[in-house]
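Counting in my numbering, the sequence shown runs from 26 upward without gaps.
Built from N, CA and C at the ideal position, the CB exists for glycine as well.
Some notes on the structure that comes next.
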Amino acid sequence: MLRPHHPDGSGQAVFTIINPGGGYLGDDLYEVGYDGGPDSSALLTTQSATKVYRTPQGPAHQHQRFVLAPGARLEYVPDQLIAYENAHYRQITDVELAAGSSFFTAEIVTPGWSETGEPFRYQEVRLFTRLWLESRLLLWDNLVLRPGTADPTGMGWFDGRTHLLSLAAVGPGIGGETLANIRDTISGFPDLHAGCTLLRGPGLVVRALGDSSGGLADLAAAIGARLRAEQTGQGPWDLRKY
């Protein structure tokens with residue numbers, strides 16, 4: 026992990042995770058953990074895209090656990106996940122939130138290069154996310170992409186698109202007004218297929234489909250900026266990676 030930096034005057038620390046191996050291989054296991062103390066504020070990102078290569082030895086796994094104390098805030102904004110030909114990747118994310126804490130995550134799944142030039146040559150990508158607020162289950166999301174079981178470009182899958190954004194936000198005050206604001210933000214991206222829905226609690230989920238990771242990353246950044254403006258008064262994030 027790189028030494029944290031503080032790009033604005035809010036006191037929020039930005040941490041960057043580095044993968045020294047350059048990519049994920051078969052039967053790899055990665056673990057990410059974060060424990061945010063009371064009233065802490067952090068943004069967690071990655072140095073570059075997460076690349077999952079062929080996994081003949083078995084799936085590559087990543088387990089993520091984030092624990093936030095009262096008043097803590099965490100934004101988790103990794104670069105895109107790229108699944109190459111014959112890649113099999115499984116990720117489990119558990120988030121435990123105390124009263125008054127807030128969490129934001131945005132993950133993009135991208136099909137990697139294949140020898141034939143065809144997209145969707147990976148075997149499986151599974152993103153399993155559970156969110157608890159004061160020990161109450163708020164979100165149980167099991168996103169499974171298996172291109173070999175059906176045409177992924179068809180209706181009900183990617184609808185002709187190739188890239189996927191999965192975004193979730195939980196925090197005090199997120200409700201109907203926030204939903205309307207986020208839908209207004211989404212309307213500014215007419216080239217994307219996107220929708221937003223509220224959780225049964227102070228939170229929301231966004232799913233979006235596009236033809237590039239850049240367009241989806243721009244949407245995630247715009248939604249993040251809108252939530253920041255409402256919740257903390259911060260400006261858009263500055264990841265300072267390029």
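Original post:
How would you label residue 39, buried or exposed, when you count the other beta carbons within 10 angstroms and need 16 or more for buried?
Top reply: buried
Original post:
With contact counted as at least three CB pairs below 8 angstroms, one residue from each stretch, are the segment 196-208 and the segment 156-176 in contact?
Top reply: no
Subject >> Buried versus exposed call for residue 126 [16 or more other C-beta atoms within 10 Å across all chains shown] >> reply: buried
Subject >> Where residue 262 falls, given that 16 or more other Cβ within 10 Å makes a residue buried >> reply: buried
Original post:
Is the segment 73-92 in contact with the segment 42-51, if contact means three or more CB pairs nearer than 8 angstroms?
Top reply: yes
**OP:** Take the Cβ of residue 225 as the centre, count every other Cβ of all protein chains shown within 10 Å, and call the residue buried at 16 or more, exposed below.
**Re:** exposed
**OP:** Please say whether residue 66 and residue 99 have beta carbons closer to each other than 9 angstroms?
**Re:** yes
Original post:
Smallest Cα separation from residue 117: which of 110, 124, 132, 107?
Top reply: 132
Original post:
From residue 108 to residue 213, what does the alpha carbon distance come to, in whole angstroms?
Top reply: 28 angstroms
**OP:** Return the first residue and the last residue of the beta strand (DSSP E) that residue 118 is part of.
**Re:** 113-122
**OP:** Look up residue 159 in the DSSP assignment and say whether it is helix, strand or coil.
**Re:** coil
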